[in-house]
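A.B. asks: Using the numbering used here, the letters of the sequence shown map in sequence onto residues 1 to 761. Quick reminder that beta carbons are idealized off the backbone N, C-alpha and C, glycines included. Structure below; questions to follow.
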Amino acid sequence: MSEDRKPTVEAYTAPAGGWGSVKSVVEILRREQVAIPSTVKELWRQNKPRGFTCVSCAWPQPEKPLTFEFCENGAKASAWELTRLRTTPEFFSQHTCTELRNWSDHALEQNGRLTHPLRYDRASDKYVACDWREAFDAIGAELKKLDPKSVVFYASGRASLETSYLYALFARLYGHNNLPDSSNMCHEATGVALRQCLGTPVGTVVLDDFAKTDCIFFFGQNAGVNSPRMLHDLQNAARRGVPIIVFNPVRERGLERFTNPQSPLEMLSGGETKLATQYHQVKTGGDIAAITGLCKTLLELDDAALQNGTPRVLDTAFITQHCHGFEAFADFVRAQTWEVIETDSGLTRAALKGAARVYAQADAVIGVYGMGLTQHVLGEYNIYMVASLLLMRGNLGKPGAGICPVRGHSNVQGQRTVGIADDPALVPLDRLAEQYGFAPPRERGLHTVGTCHGVLDGSVRAFIGLGGNFLRAIPDQERVAAQWNKLRLTVQIATKLNRTHLVNGEVAYLLPCLGRIERVLENGKPQVLSTEDSTSCIHASVGKAEPASADLLSETRIVVELAKATLAPNPKVPWDTWANDYATIRDAIEATYPEQFRDFNKRMWQPGGFHRPNSARERIWKTASGKAQFIAPPALVATGFTDAPGRYRLMTMRSNDQFNTTVYGYDDRFRGIRGTRDVVLMNAADIAQAGLHEGQMVTLVSDADDGVAREVAGLSVVAFDIPRGCIGGYYPECNPLIPLSHHTLFSKLPAAKSVPVRIVV
Ligand SMILES: Nc1nc2c(c(=O)[nH]1)N[C@H]1C(S)=C(S)[C@@H](COP(=O)(O)OP(=O)(O)OC[C@H]3O[C@@H](n4cnc5c(=O)[nH]c(N)nc54)[C@H](O)[C@@H]3O)O[C@H]1N2
Ligand SMILES: Nc1nc2c(c(=O)[nH]1)N[C@H]1C(S)=C(S)[C@@H](COP(=O)(O)OP(=O)(O)OC[C@H]3O[C@@H](n4cnc5c(=O)[nH]c(N)nc54)[C@H](O)[C@@H]3O)O[C@H]1N2
Ligand SMILES: [Mo]
């Protein structure tokens with residue numbers, strides 16, 4: 001399917017939100033051909049008590065929701081699920097998988113919801129309809145024959161706590177910890193780093209802290225696009241005069257100014273709120289240097305205070321009582337020269353000092369971050385730096401302060417909480433052993449990068465995907481995809497067709513499921529699901545919309561049937577009871593995690609949900625030293641490679657018109673790029689220096705030193721306000737450029753925000 005798209009680039013002058021947002025939602029409702037009144041009715045129920053949890057991002061729902069507690073991108077994600085368009089067996093009879101592989105990501109998903117279970121027929125290279133029983137029995141028979149260690153159970157972060165708990169249990173009863181998930185590409189660095197320095201794998205901030213904070217530092221997260229409901233909290237803070245200090249290589253409109261599309265007054269009067277009070281265009285991979293500059297200034301200010309006899313800038317009482325490693329960290333920071341800090345961050349000393357002074361004057365500071373920090377080779381050190389910055393003034397474990405990683409998928413954090421983890425140390429295996437009378441596998445399983453290596457070397461033989469688009473989301477996607485059809489078995493549980501479903505193992509099934517917005521009936525009774533948001537808050541989610549097809553099953557039911565078809569019966573594992581009444585799954589979760597999920601079935605109905613306990617919030621540090629840990633970095637640049645002439649740092653970006661690999665459309669409104677995603681964003685001076693011109697078609701080639709040729713061709717050069725030496729391209733189109741070996745040091749998270757590339761014409 002050829003789609004001719006010419007880029008047009010023009011500056012976007014309006015604020016985030018506002019009429020542009022409304023227009024964009026209306027356009028997508030039209031495109032999905034949804035019935036507008038019933039869709040609006042569903043949207044009204046979004047993120048409300050007794051409503052459903054938005055399928056888009058993981059930002060928390062407030063206790064007292066707005067009339068319409070949804071945003072432009074949440075509405076898009078819901079319309080995408082509620083679409084009237086259908087991808088039927090009839091459609092598959094007309095197209096081979098080889099042909100569909102030439103369709104764009106957008107065109108495949110735009111074709112609408114999957115309606116029937118499908119078996120891949122190698123002879124015709126087509127999917128054919130099958131019945132559920134046949135699918136479960138065939139998959140079960142295959143799994144029984146395979147070595148469990150060669151089988152991978154992937155999860156994208158959307159499935160509910162109930163489904164995820166059963167999925168992880170299924171894997172362990174079957175005999176492996178091969179449970180990679182999307183967080184392996186996302187916030188795994190957060191889990192690893194925060195556990196190390198604060199003794200908790202998750203953020204410490206809750207929604208209420210945004211109402212109490214008096215300063216927000218914002219690193220590498222694009223709230224206006226990826227968690228737009230957060231703009232309400234930022235807007236409220238900005239109106240209280242709270243400084244918001246942003247570090248981001250590009251000027252993201254959503255962080256600069258916002259018109260609340262839910263406020264008639266603002267909409268009609270053209271009113272807008274300025275959000276960022278300072279905006280620092282740090283180089284990609286330059287945050288360690290930038291934060292070193294902030295910390296250095298704090299030390300200088302503290303030295304001066306000591307000398308002048310004025311109040312200390314450091315919270316020395318907190319540091320003495322609660323922290324470990326401060327002296328070594330301070331020595332490291334003092335040893336860095338301003339010249340190097342300026343070069344490595346791309347920011348001036350004056351700018352960094354200005355930001356640090358604001359920090360020093362605030363009593364309660366929140367540090368927010370996203371993929372701009374995690375997706376670098378030194379990603380964990382980026383996070384240690386934010387934590388250290390906060391620790392210097394005791395900004396942890398007090399109201400209005402703390403660390404706030406903004407999670408991706410709506411239940412990605414929750415999936416880990418209930419056992420989706422390749423690292424068995426994160427799972428209460430002894431309790432599972434007792435509860436279900438089996439010996440859980442103890443050795444470490446495969447994460448996402450490990451799975452890719454296993455596919456390449458042939459040790460992985462089967463892949464089950466609970467949602468997601470694995471082959472598009474991973475690094476080195478072309479190399480891995482080329483080996484995928486050597487797998488014995490591939491099973492995908494999905495709502496819509498994507499590229500991963502078109503590369504199949506010898507035996508392959510595509511199992512269509514209900515989405516979260518839809519009514520789930522089991523045993524004739526409506527069921528409720530639950531999810532955990534970015535602030536460890538758990539709430540019920542009630543789907544009410546009419547299912548896209550009568551032949552869909554819930555994700556929970558699919559997991560249960562797969563497990564039953566694969567495993568020997570075990571009287572302690574009541575699969576049918578669970579599938580018939582999800583409240584019994586929640587009881588099982590509570591039995592496994594009694595402290596986390598106390599009174600689960602009751603408390604999930606509280607308006608705003610209930611919070612899991614968080615030790616760091618209570619200033620209890622479950623770290624090796626028993627204290628919060630200052631950790632100095634090994635370098636000031638997070639990229640993991642050295643700069644060289646002609647070598648650029650490529651950051652892969654999300655547009656305003658996509659949800660991960662789901663591409664809604666080809667306009668990136670806030671960045672002013674329309675009609676295409678095949679662009680490379682460059683500083684005008686770099687374009688001139690490289691002898692290129694705007695609009696020129698170029699090829700990006702990977703500059704990794706591993707002998708593998710990787711390239712993405714047909715990209716149009718766009719002049720953009722981005723630091724020199726740094727360039728931008730879209731995810732997932734640029735993923736073939738990321739070597740599998742290019743990942744964070746400890747969590748093996750693909751370093752998708754600084755990829756070494758060259759430009760060839
Ligand atoms: N609408 C929508 N919502 C989403 C998603 C989506 O695709 N679309 N995806 C969901 C998922 S799974 C996730 S994980 C989150 C992702 O949400 P974010 O964490 O916001 O992820 P990105 O948009 O990839 O990158 C964030 C920002 O990092 C900046 N950046 C890049 N490199 C650097 C750097 O070196 N330093 C700094 N300081 N900044 C840098 C980029 O300019 C960008 O503004 O959003 C979730 N929500
Ligand atoms: N270069 C680069 N690569 C990246 C990133 C980056 O910033 N740059 N970001 C990374 C990040 S943060 C993430 S999280 C991953 C995302 O990786 P994934 O989670 O694997 O990918 P998604 O695009 O979110 O998956 C979309 C598919 O999920 C299915 N789906 C949607 N809703 C449901 C549902 O309710 N149930 C089921 N069963 N299926 C459903 C649909 O079939 C849809 O096609 O990508 C990573 N890859
Ligand atoms: Mo993510």
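1. Can you list, in chain order, the residues of its chain whose CB lies under 7 Å from that of Gly-515, leaving out five sequence neighbours each side?
2. State the Cα-Cα distance for the pair Leu-737 and Val-760, rounded to the nearest angstrom.
3. Rounded to whole angstroms, what's the CA-CA distance from Phe-219 to Ala-350? Just pull it up for me.
4. According to DSSP, is Pro-60 helix, strand or coil?
5. Leaving out the 5 sequence neighbours to the left and right, which residues in its chain are closer than 8 Å to Arg-357 when beta-carbon positions are compared?
6. Give me the DSSP bridge partner(s) of Leu-432.
7. From the DSSP output, read off the bridge partner residues of Ala-638.
8. Which stretch, first to last residue, makes up the beta strand (DSSP E) that contains Val-542?
9. Taking C-alpha atoms, which residue in Arg-31, Leu-169, Ala-685 and Met-651 lies nearest to Arg-431?
10. Are the segment 731-750 and the segment 377-390 in contact at 8 Å, needing three or more beta carbon pairs?
11. Are any of the Cβ atoms in chain B nearer than 7 Å to that of Gln-278?
12. Assuming Lys-41 is part of the alpha helix (DSSP H), what are its boundary residues?
13. I want to check one thing, is the minimum distance from the CB of Cys-57 to the heavy atoms of ligand 3 below 6 Å?
14. Flag this pair as yes or no: are the beta carbons of Ala-508 and Tyr-154 separated by less than 7 Å?
15. Could you tell me whether the segment 194-208 touches the segment 401-413, using the rule of 3 or more Cβ pairs below 8 Å?
16. Quick one, which of Thr-8, Ala-58, Phe-318 and Ser-21 has its alpha-carbon nearest Asn-226's?
17. Can you tell me which of Arg-251, Asn-656, Thr-343 and Pro-62 puts its alpha carbon nearest to the alpha carbon of Arg-674?
18. Output the distance between the C-alpha atoms of Gln-262 and Leu-66, rounded to the nearest integer angstrom.
19. Ignore the nearest five residues each way along the sequence and tell me which others in Ala-135's own chain have a CB closer than 6 Å to its CB.
20. Using 7 Å as the threshold, is the C-beta distance between Gly-17 and Phe-258 below it?
21. With DSSP run on the structure shown, which of helix, strand or coil describes Arg-674?
22. Given 6 Å as the limit, tell me if Thr-652 has its C-beta closer than that to any heavy atom belonging to ligand 2.
23. Taking 6 Å as the cut-off, is the C-beta of Gly-465 nearer than that to any heavy atom in ligand 3?
24. Could you check whether the segment 163-177 touches the segment 126-135, counting it as contact only if at least three pairs of C-beta atoms, one from each stretch, sit closer than 8 Å?
25. Does DSSP put His-743 in a helix, a strand or coil?
26. Which parts of the segment 545-600 are runs of the alpha helix (DSSP H), unbroken and 4 residues or longer, counting only runs that do not cross its ends?
27. Confirm, please, whether the CB-CB distance from Cys-734 to Thr-284 is below 7 Å.
28. In terms of DSSP beta bridges, what is Thr-662 paired with?
29. I'd like to know whether the C-beta atoms of Gly-175 and Pro-441 end up nearer to each other than 7 Å.
30. Between which two residues does the alpha helix (DSSP H) carrying Pro-89 extend?
31. Helix, strand or coil: how does DSSP classify Pro-424 here?
32. For a test of the three-state rule: what should DSSP assign to Met-185, helix, strand or coil?
33. Measure the alpha-carbon distance for Asp-551 versus Glu-478 and round it to whole angstroms.
34. From what residue to what residue does the alpha helix (DSSP H) around Arg-253 run?
35. Could you check which residue in Ile-474, Lys-627 and Leu-114 has the C-alpha nearest to that of Ser-182?
36. Would you list the residues sitting across from Val-128 in a DSSP beta bridge?
C.D. replies: Concretely, from the data shown:
1. Locating residue 515 in the sequence shown gives position 515, where the first residue counts as 1. Closer than 7 Å at the Cβ level, and outside the excluded window around Gly-515, lie Val-55, Glu-81 and Thr-495.
2. By 1-based counting over the sequence shown, the position of residue 737 is 737. By 1-based counting over the sequence shown, the position of residue 760 is 760. Approximately 14 Å, taken between the alpha carbons.
3. As a working note, residue 219 is residue 219 in the sequence shown. As a working note, residue 350 is residue 350 in the sequence shown. Distance between the alpha carbons of Phe-219 and Ala-350 is about 19 Å.
4. Here the question's residue 60 lines up with position 60 in the sequence shown. Pro-60 falls in the coil class under three-state DSSP.
5. Within the sequence shown, the letter at position 357 stands for residue 357. Thr-297 and Leu-301, listed in sequence order.
6. One-based indexing of the sequence shown puts residue 432 at position 432. In DSSP, Leu-432 forms no bridge with anything.
7. Walking along the sequence shown from the start, residue 638 turns up at place 638. Ala-638 pairs with nothing; no bridge assigned.
8. As a first step, residue 542 is located in the sequence shown; it is residue number 542 there, counting from the start. Counting along the chain, Val-542 falls outside any beta strand (DSSP E), and DSSP gives it neither H nor E.
9. As a first step, residue 431 must be located in the sequence shown, where it is residue number 431. It is Leu-169.
10. Flag = yes, the segment 731-750 and the segment 377-390 touch.
11. Among the protein chains of the structure shown there is no chain B, as only one such chain exists.
12. Residue numbering aside, residue 41 sits at position 41 when the sequence shown is read from its first letter. Counting along the chain, the alpha helix (DSSP H) containing Lys-41 begins and ends at 36-44.
13. Here residue 57 is taken as the residue at index 57 of the sequence shown, counted from 1. For ligand 3, not one heavy atom lies less than 6 Å from the Cβ of Cys-57.
14. Here residue 508 is taken as the residue at index 508 of the sequence shown, counted from 1. Here residue 154 is taken as the residue at index 154 of the sequence shown, counted from 1. No. Outside cutoff.
15. yes
16. Indexing the sequence shown from 1 puts residue 226 at position 226. Comparing Cα-Cα distances from Asn-226 to each of Thr-8, Ala-58, Phe-318 and Ser-21, the minimum goes to Ala-58.
17. Taking the first residue of the sequence shown as 1, we reach residue 674 at position 674. Checked all of Arg-251, Asn-656, Thr-343 and Pro-62; the closest Cα to Arg-674 is Asn-656.
18. Counting from 1 along the sequence shown, the entry for residue 262 is found at position 262. Counting from 1 along the sequence shown, the entry for residue 66 is found at position 66. One C-alpha to the other measures close to 8 Å.
19. Taking the first residue of the sequence shown as 1, we reach residue 135 at position 135. Closer than 6 Å at the Cβ level, and outside the excluded window around Ala-135, lie Pro-117 and Tyr-509.
20. Against the sequence shown, residue 17 aligns to sequence position 17. Against the sequence shown, residue 258 aligns to sequence position 258. Contact: yes.
21. Here residue 674 is taken as the residue at index 674 of the sequence shown, counted from 1. Three-state DSSP puts Arg-674 in a strand.
22. Your numbering for residue 652 matches position 652 in the sequence shown. The answer is yes for Thr-652.
23. Taking the sequence shown and counting its residues from 1, the one referred to as residue 465 is at position 465. Result no, Cβ not under 6 Å from ligand 3.
24. no
25. Numbered from 1 along the sequence shown, position 743 holds the residue referred to as residue 743. Of the three classes helix, strand and coil, the one that applies to His-743 here is strand, per DSSP.
26. 555-566, 575-580 and 582-592
27. Position 284 of the sequence shown, counted from the first residue, corresponds to residue 284. Position 734 of the sequence shown, counted from the first residue, corresponds to residue 734. Not a contact, by the Cβ cut-off of 7 Å.
28. Taking the sequence shown and counting its residues from 1, one reaches residue 662 at position 662. For Thr-662, which the question treats as bridged, DSSP gives the partners Phe-659.
29. What you label residue 175 is simply residue 175 of the sequence shown in a count that begins at 1. What you label residue 441 is simply residue 441 of the sequence shown in a count that begins at 1. For Gly-175 and Pro-441, yes; Cβs fall inside 7 Å.
30. As a working mapping, residue 89 is identified with position 89 in the sequence shown. Element bounds for Pro-89: 89-94.
31. Working through the sequence shown from its first residue, we reach residue 424 at position 424. It is helical.
32. Reading the sequence shown from its first residue, position 185 is the one you call residue 185. DSSP places Met-185 in helix when its eight states are reduced to three.
33. Indexing the sequence shown from 1 puts residue 551 at position 551. Indexing the sequence shown from 1 puts residue 478 at position 478. Cα to Cα, the separation comes out at about 33 Å.
34. Counted from its first residue, the sequence shown places residue 253 at position 253. Segment 253-256, the alpha helix (DSSP H) holding Arg-253.
35. Numbered from its first residue, the sequence shown carries residue 182 at position 182. Closest by alpha carbon: Ile-474.
36. Taking the sequence shown and counting its residues from 1, the one referred to as residue 128 is at position 128. Looking at the DSSP output, Val-128 sits in a beta bridge with Arg-119.
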